[in-house]
Each structure stands twice: as C-alpha cells, then as structure tokens.
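**Student:**
Protein chains: 2
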Amino acid sequence: MPRAVKKAQTSTGCSVERALSLIDGKWKIVILYKLLRGTLRFNELRRLIPGVTQRMLTHQLRELEADGLIVRVVYAQVPPRVEYSLSTRGQSLEPVLLALKHWGDTNLSSREAEAA
Amino acid sequence: MPRAVKKAQTSTGCSVERALSLIDGKWKIVILYKLLRGTLRFNELRRLIPGVTQRMLTHQLRELEADGLIVRVVYAQVPPRVEYSLSTRGQSLEPVLLALKHWGDTNLSSREAEAA
DNA sequence: CTGTATCCGGCACGATACTG
DNA sequence: CAGTATCGTGCCGGATACAG
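Chains G and C, in that order, are what the protein sequence lines are.
Our numbering applies: residue 135 is where the first sequence begins, and numbers increase by one.
Our numbering applies: residue 135 is where the second sequence begins, and numbers increase by one.
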C-alpha cells in the first residue's frame, strides 16, 4: 500500500483517503484479515503471516491499536501472553476486507484460493 | 498503502495480499475511485486529486494500466488528449472501493463514529 | 513469549525543468 | 495538454541483537 498520507487529513474532502491512511502499511490489511477469524496471539499472527518480522508486526499492531482498529490485551503471566482482536471499529472493516478477498479470488484466479 | 509485496506473490497463499499488490501505491485507490464516475483526462485527474504530482500521477496510471485495471486512450490530436477509464477488471473493484468509501464515511465522519 | 533497540539500505515519492 | 528526465531524500521496512 501507499504510505498514504501521514496522518488523517480532512482537507482533501475525500473520506477514502482518510480511510486509507488508517490501513496503510505493508501488513495492516493482512493482519486485520487474519483477525477476522478471531483473537490471535502474537506468535500466532507471526506464523499466519509469513515474511513479517517481529519489528514490523509489533509496529503495525501498535498503529492499528492507536487507530482503534484492534484491541490488545496483556495477561500478566510468567510466560507473557498477549492477545489481539478486532475492535468494533475494526470489525466494521469486515465488508471491505471480504470484498477485497472476494475480488482477489475472482480476479486473480488463484486455484488455491484457500480460505486462509 | 504498504508497498505491499513488489510483485504478485503466490507463495503466501493469501489472495488478499495479491490483490493488495495491485493497488499499492499512494494514489492508486484514489485514482480508481475517481474513475468510478467515468472517463477522465489527465489534467482532470490532476485537479481531482490535490497533492499529486505529474510524475506520480503518470507513474501510478501506468502501473494501473499495466495491471489491467484501467484503460488509456490516446487521441492523435494537436492538443494531446488522453482519456483514462476503468477496465472491466477495474470496474470489478467497485464493491471494494464503495465499501471503503462507506467505511470512511461511517467511521471517520465528522461526528464520532462510536459504533459501540 | 513478546517484545525493544539499533543500524542501515532501497525505493517511493517529491520538486523542478524540459519536451512533442 | 500530457507527459519525460533528472536529482534528492524521507522513512519504510529488513536484519540482528538484546530484554523482561
């Protein structure tokens, strides 16, 4: 994705651009998509998204959290346990994510369009 | 958007990522969105997208064309006239674009998008 | 397990000037 | 009008090491 605009920018008068600014970043949409299925732990996300590094995963998760799209829950345990899930706002992105998935399946004709 | 992955990458097994790779770039989605309304000329797009430079507009348009999302028609006239419009594949993105617009309007609107 | 800290390269993008 | 050409750069994102 584009780096889109740095921070939400109302001047453009285009809500699409503002929406884009929240989901820019190389992994955000994929993260959100994975979370559609339900709560996931840090390493679970890591495994589900091949190629992402700890740094980027952490960074993108933090941004998503800051934008109120996901919820981060930390359990004070000896082996740390952190769970990520979609916030209400994040869940409202479902139509977009599914539309994107559907489009990808339809127009990129991947025979293995396995439901990730 | 993220720079996504450079070129379509099948290995991830996620059609969403492949779809994303086609719409990465800072202005692509906005361009596509503007073209939903119909054919537009180069400078018309330029005016509709404040902040975009000639270079970037040209570049993004070329990528969109290469990915088969838009159609570029050149009229051999003395004042050059180039028209851009969505291809069939591009038009198939309409649900995604509208979903994104709807989400933006709903969640980023002037009033708080509380949506508990 | 779930992160932070640091270093660093590349390319995405911008600014400007020029052209058919 | 609709682009190229060229140059410069921010910062995104990868690699690696360290930490609670």
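Cβ atoms here follow ideal geometry from the backbone N, Cα and C, with glycine treated the same way.
1) Is the Cβ of Gly214 of chain G closer than 9 Å to any Cβ of chain C?
2) By a C-beta neighbour count over all protein chains shown, 10 Å radius and 16 as the cutoff for buried, is Leu203 of chain C buried or exposed?
3) Nearest by alpha-carbon distance to Leu156 of chain C: which of C:Gly185, C:Phe176, C:Ala200 is it?
4) Taking CB distances under 9 Å as the criterion, tell me whether Arg223 of chain G reaches chain C.
5) Can you name the residues of chain C whose CB is closer than 8 Å to the CB of Val230 of chain G?
6) Determine whether the Cβ of Thr187 of chain G lies closer than 9 Å to any Cβ atom of chain C.
7) Which value, in whole angstroms, describes the spacing of the CA atoms of Gln188 of chain C and Glu197 of chain C?
8) Counting C-beta neighbours from all protein chains within 10 Å, is the total for Gln194 of chain C 16 or more, i.e. buried, or is it exposed?
9) How would you write the range of the beta strand (DSSP E) that Arg215 of chain G sits in, first residue to last?
10) Using a threshold of 9 Å, state whether the C-beta atoms of Gly226 of chain G and Gly172 of chain G are closer than that.
11) Near Val205 of chain G, what residues of its chain come up, given a Cβ to Cβ distance below 6 Å and the 5 sequence neighbours on each side ignored?
12) If you compare alpha carbons, which of G:Gly159, G:Ile163, G:Asp158, G:Arg215 is closest to Ala233 of chain G?
13) Here's the rule: buried if 16 or more other CB atoms are within 10 angstroms of the residue's CB, otherwise exposed. What is Val230 of chain G?
14) Go ahead and label Gly238 of chain G buried or exposed: buried means 16 or more other beta carbons lie within 10 angstroms of its beta carbon, across all protein chains shown.
15) Measure from the alpha carbon of Thr240 of chain G to the alpha carbon of each residue in C:Asn177, C:Arg181, C:Gly224, then state which is nearest.
16) Kindly indicate the opening and closing residues of the beta strand (DSSP E) around Arg206 of chain C.
17) Is Gly159 of chain G buried or exposed, if buried means 16 or more other CB atoms sit within 10 Å of its CB?
18) Which two residues bound the contiguous alpha helix (DSSP H) that contains Ser155 of chain G?
19) Contact criterion: CB-CB distance below 9 Å. Does Ala153 of chain C meet it with respect to chain G?
20) Got a sec, what are the start and stop residues for the alpha helix (DSSP H) Asp201 of chain C sits in?
21) Any C-beta of chain C within less than 8 Å: which residues of the region 158-171 of chain G qualify?
22) So the alpha helix (DSSP H) Val164 of chain G belongs to, where does it begin and stop?
23) If you measure from the beta carbon of Val150 of chain C to each beta carbon in chain G, is any gap under 9 Å?
24) According to DSSP, is Leu174 of chain C part of a helix, a strand, or is it coil?
**Tutor:** Let me spell this out:
1) The sequence given here places Pro at residue 214 of chain G; Gly does not occur at that position. For Pro214 of chain G, the answer is no, since every Cβ of chain C falls outside 9 Å of its Cβ.
2) With 16 or more other CB atoms across the displayed protein chains lying within 10 angstroms of its CB, Leu203 of chain C is buried.
3) Here the closest residue by C-alpha is C:Ala200.
4) For Arg223 of chain G, the answer is yes, since a Cβ of chain C falls inside 9 Å of its Cβ.
5) Ordered by position in chain C, the residues that pass the 8 Å Cβ test against Val230 of chain G are Val230, Ala233, Leu234, Trp237.
6) It does not: the Cβ of Thr187 of chain G has no partner Cβ on chain C nearer than 9 Å.
7) C-alpha separation (whole angstroms): 14 Å.
8) It is buried - the Cβ of Gln194 of chain C has at least 16 other Cβ atoms within 10 Å.
9) Element bounds for Arg215 of chain G: 215-220.
10) Sequence check: residue 226 of chain G is Ser here, not Gly. Contact flag unset, no.
11) Excluding sequence neighbours, Val205 of chain G sits near Ser219, Ser221.
12) That would be G:Ile163, whose Cα lies nearest to the Cα of Ala233 of chain G.
13) Val230 of chain G should be labelled buried.
14) Buried, since its Cβ has 16 or more Cβ neighbours within 10 Å.
15) Its Cα nearest to that of Thr240 of chain G, the residue C:Gly224 stands out among C:Asn177, C:Arg181, C:Gly224.
16) Looking at the DSSP string, the run of the beta strand (DSSP E) that includes Arg206 of chain C is 204-209.
17) Gly159 of chain G should be labelled buried.
18) Per DSSP, Ser155 of chain G belongs to the alpha helix (DSSP H) from 149-156.
19) True, the Cβ-Cβ gap to chain G drops below 9 Å.
20) No alpha helix (DSSP H) holds Asp201 of chain C; DSSP gives it neither H nor E.
21) Residues of the region 158-171 of chain G that bring their beta carbon within less than 8 Å of a beta carbon in chain C comprise Asp158, Gly159, Lys160, Trp161, Lys162, Ile163, Val164, Tyr167, in sequence order.
22) It spans 162-169 - the alpha helix (DSSP H) in which Val164 of chain G sits, taken as one unbroken run.
23) Taking Cβ atoms only, chain G reaches closer than 9 Å to Val150 of chain C, which makes this a yes.
24) Strand at Leu174 of chain C.
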